[in-house]
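There are 2 protein chains.
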Amino acid sequence: MRTERGVGSGRSSNQTAILHGTEEIMREQGYAAVTYRSVAARAGVTPGLVQYYFPALENLFIAVLRAGTDRILERLARVSEADQPLRALWDYANSRDGTVMLMEFMALANHRKAVAPVIGEGGERIRQAQLKTLTAVWERYGVPEGDVAPAALLFLMSAIPRMIHLEETFGTVTGHVEAVALVERFLDRVEPRMTGETSQDKTISAHG
Amino acid sequence: MRTERGVGSGRSSNQTAILHGTEEIMREQGYAAVTYRSVAARAGVTPGLVQYYFPALENLFIAVLRAGTDRILERLARVSEADQPLRALWDYANSRDGTVMLMEFMALANHRKAVAPVIGEGGERIRQAQLKTLTAVWERYGVPEGDVAPAALLFLMSAIPRMIHLEETFGTVTGHVEAVALVERFLDRVEPRMTGETSQDKTISAHG
DNA sequence: GTCTATACGGCGATAGAC
DNA sequence: GTCTATCGCCGTATAGAC
Numbered sequence: 110m111r112t113e114r115g116v117g118s119g120r121s122s123n124q125t126a127i128l129h130g131t132e133e134i135m136r137e138q139g140y141a142a143v144t145y146r147s148v149a150a151r152a153g154v155t156p157g158l159v160q161y162y163f164p165a166l167e168n169l170f171i172a173v174l175r176a177g178t179d180r181i182l183e184r185l186a187r188v189s190e191a192d193q194p195l196r197a198l199w200d201y202a203n204s205r206d207g208t209v210m211l212m213e214f215m216a217l218a219n220h221r222k223a224v225a226p227v228i229g230e231g232g233e234r235i236r237q238a239q240l241k242t243l244t245a246v247w248e249r250y251g252v253p254e255g256d257v258a259p260a261a262l263l264f265l266m267s268a269i270p271r272m273i274h275l276e277e278t279f280g281t282v283t284g285h286v287e288a289v290a291l292v293e294r295f296l297d298r299v300e301p302r303m304t305g306e307t308s309q310d311k312t313i314s315a316h317g
Numbered sequence: 110m111r112t113e114r115g116v117g118s119g120r121s122s123n124q125t126a127i128l129h130g131t132e133e134i135m136r137e138q139g140y141a142a143v144t145y146r147s148v149a150a151r152a153g154v155t156p157g158l159v160q161y162y163f164p165a166l167e168n169l170f171i172a173v174l175r176a177g178t179d180r181i182l183e184r185l186a187r188v189s190e191a192d193q194p195l196r197a198l199w200d201y202a203n204s205r206d207g208t209v210m211l212m213e214f215m216a217l218a219n220h221r222k223a224v225a226p227v228i229g230e231g232g233e234r235i236r237q238a239q240l241k242t243l244t245a246v247w248e249r250y251g252v253p254e255g256d257v258a259p260a261a262l263l264f265l266m267s268a269i270p271r272m273i274h275l276e277e278t279f280g281t282v283t284g285h286v287e288a289v290a291l292v293e294r295f296l297d298r299v300e301p302r303m304t305g306e307t308s309q310d311k312t313i314s315a316h317g
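Here the protein sequences line up with chains A and B, keeping their order.
So the first sequence is numbered by the working numbering: it starts at 110 and just counts up by one.
So the second sequence is numbered by the working numbering: it starts at 110 and just counts up by one.
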């Protein structure tokens, strides 16, 4: 898709090794451990070559971020076909891996200004995709709660697990279980746990 | 309260100038702009003196964080005496300044590990103080909603504005107005806007 | 105690050699 | 395309003046 240099549409094996190594370092040691020297060592190339493909570290971070966003959008396309889309969305929002990397990029954006709009852009694409799914569900279920707009529920189902995880990192826990219980009681009401009557399985089905 | 050196209970004017300057720089340019050299220039002292009081940068960040937490707790003591405590809490949670600094410290904690538990500790103290207020309000209002636990509402009233502000920084906006509307509709129901009948004024009153 | 001056190794970024 | 040399920051450590 995107290249940092005009080498055609593909990426060299060195480029993919650099991107992969960078993501690994971010996940294991945080973005602050990403240096030209550390990435080069991980990818088995020289620091100068990393800098050749990504002239500033921001270019490297942004490339990793974009690749991750693309992966999430692919995953969400599968979620929209799940039997219980609300619970699938809730499971997605509660997944640890995605939240860790998102927080890492949010923290990074604080002092790498060019990263911020890339996060926002990806966030909008993700949320619009989710909203489309949720609005369809709303119609299928017949607007279970006259009060809660799909967009509000979507935001809450995203924000609550994310903020809980963020706070837990620091050791703040008050109100977490109560907030989760609130959402799950809502889910139990509008999308009761499957007992096996409606459609095929708890895996992906095709009826949207 | 806390000193970094054994100079008794007070702080020298240079120490307060350093703390004040550091907070200014964080607010204006972000934590990444906080260096011994930049803080010294802002406070009108030499870099060596900053390092004398705060041997590592982490000590400096933590001192600023603790001072800020103390200020918030003082403010919350006043909130608990407000006529409309729920709305006072909501206003507090929506205040820009506090959120900016909190996010700055959260980002900072990502690569200054000693900062994280200080955030968590302060967060717990703040939330427990808020929970005490909210539980009292719950009894006074007669548990308006059998479903919503005070701790859940407290978490939501804190997490929603904070996550909204965070996302807005990046340019993600979907669902924000809907989520805010949801909370405010709830507030309208359990704590209707004062029309002037109950007590003195919309300023601080004494009846708890 | 309070404060200054200086040195060291590591970093991102740049220019330019091959 | 690939890689090296170099520069100006940084945090930190230390030695010592008042």
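Using N, Cα and C, we set each Cβ at its ideal position, and we do this for glycine too.
Only a predicted model underlies this, so the values are computations on that prediction, with no experimental measurement involved.
Only exposed fits residue 122 of chain B, as fewer than 16 other CB atoms lie within 10 angstroms of its CB. Considering only beta carbons, the part of the stretch 255-275 of chain A lying closer than 9 Å to chain B consists of 256, 257, 258, 259, 260, 261, 262, 263, 264, 265, 267, 268, 269, 271, 272, 273 and 275, in chain order. Excluding the 5 residues flanking it on each side, residue 217 of chain A has same chain C-beta neighbours closer than 8 Å at 140, 170 and 224, in chain order. Each of B:233, B:183 and B:177 was checked against the Cα of residue 209 of chain B, and the nearest Cα belongs to B:177. Here residue 239 of chain B has 185, 198 and 263 as same chain residues with Cβ atoms under 7 Å from its own Cβ, once five neighbours each way along the sequence are excluded.
By the Cβ criterion, the stretch 150-161 of chain A is not in contact with the stretch 189-206 of chain A, since fewer than three pairs of Cβ atoms, one from each stretch, lie closer than 8 Å. The DSSP-derived three-state label of residue 165 of chain B is coil. Out of A:158, A:125, A:219 and A:284, the CA that lies nearest to the CA of residue 241 of chain B is found in A:284. Each residue's CA atom was taken as its position, placing residue 300 of chain A and residue 252 of chain A some 12 Å apart.
By the neighbour-count criterion, in which 16 or more other beta carbons inside 10 Å mark a residue as buried, residue 144 of chain A falls on the exposed side.
Taking C-beta separations shorter than 8 Å and ignoring five residues to either side along the sequence, the partners of residue 277 of chain A in its chain run 285, following chain order. Nearest C-alpha to residue 266 of chain A among A:293, A:166 and A:127: A:293.
Here residue 297 of chain A carries a helix assignment [DSSP, helix/strand/coil]. Under the three-state reduction of DSSP, residue 122 of chain A is assigned to helix.
Taking 8 Å as the threshold, the shortest C-beta distance from residue 134 of chain A to chain B does not fall below it. Residue 243 of chain A has its alpha-carbon roughly 10 Å from the corresponding atom of residue 236 of chain A. Interface residue (Cβ-Cβ distance to chain A less than 8 Å): residue 215 of chain B is classified as such. From the listed residues A:250, A:233 and A:128, the smallest Cα separation to residue 167 of chain A is found for A:128. Counting the other Cβ atoms within 10 Å of the Cβ of residue 250 of chain A gives fewer than 16, which makes it exposed. About 5 Å separates the beta carbon of residue 132 of chain B from that of residue 173 of chain B, a gap short enough to meet the 8 Å contact definition. Around the beta carbon of residue 161 of chain A, a 10 Å sphere encloses fewer than 16 other beta carbons of the protein chains shown; the residue is thus reported as exposed.
Taking a beta-carbon distance threshold of 8 Å, residue 238 of chain A does not count as an interface residue toward chain B.
In the assembly as shown, residue 303 of chain A is an exposed residue. Its beta-carbon has fewer than 16 other beta-carbons within 10 Å. In the DSSP annotation of this structure, residue 222 of chain A is not part of any alpha helix (DSSP H), being labelled neither H nor E. With a threshold of 16 other beta carbon atoms within 10 Å, residue 187 of chain B falls short and is exposed. Contact of residue 279 of chain B with chain A is assigned, a C-beta pair being separated by under 8 Å. A direct Cα-to-Cα measurement between residue 246 of chain B and residue 296 of chain A gives close to 28 Å. Assignment of residue 204 of chain B by DSSP, reduced to helix, strand and coil, places it in the coil class.
Residues of chain A with a Cβ closer than 9 Å to the Cβ of residue 284 of chain B are, in chain order, 236, 240, 258, 259, 260, 261, 262, 263, 264, 265, 267 and 268. DSSP, read as helix, strand or coil, puts residue 144 of chain A in coil. Between residue 227 of chain B and residue 146 of chain B, the C-beta spacing is not below 8 Å. The DSSP-derived three-state label of residue 303 of chain A is coil. When DSSP states are grouped into helix, strand and coil, residue 258 of chain A belongs to the coil group. Residue state for residue 154 of chain A is assigned as coil, using DSSP reduced to three classes.
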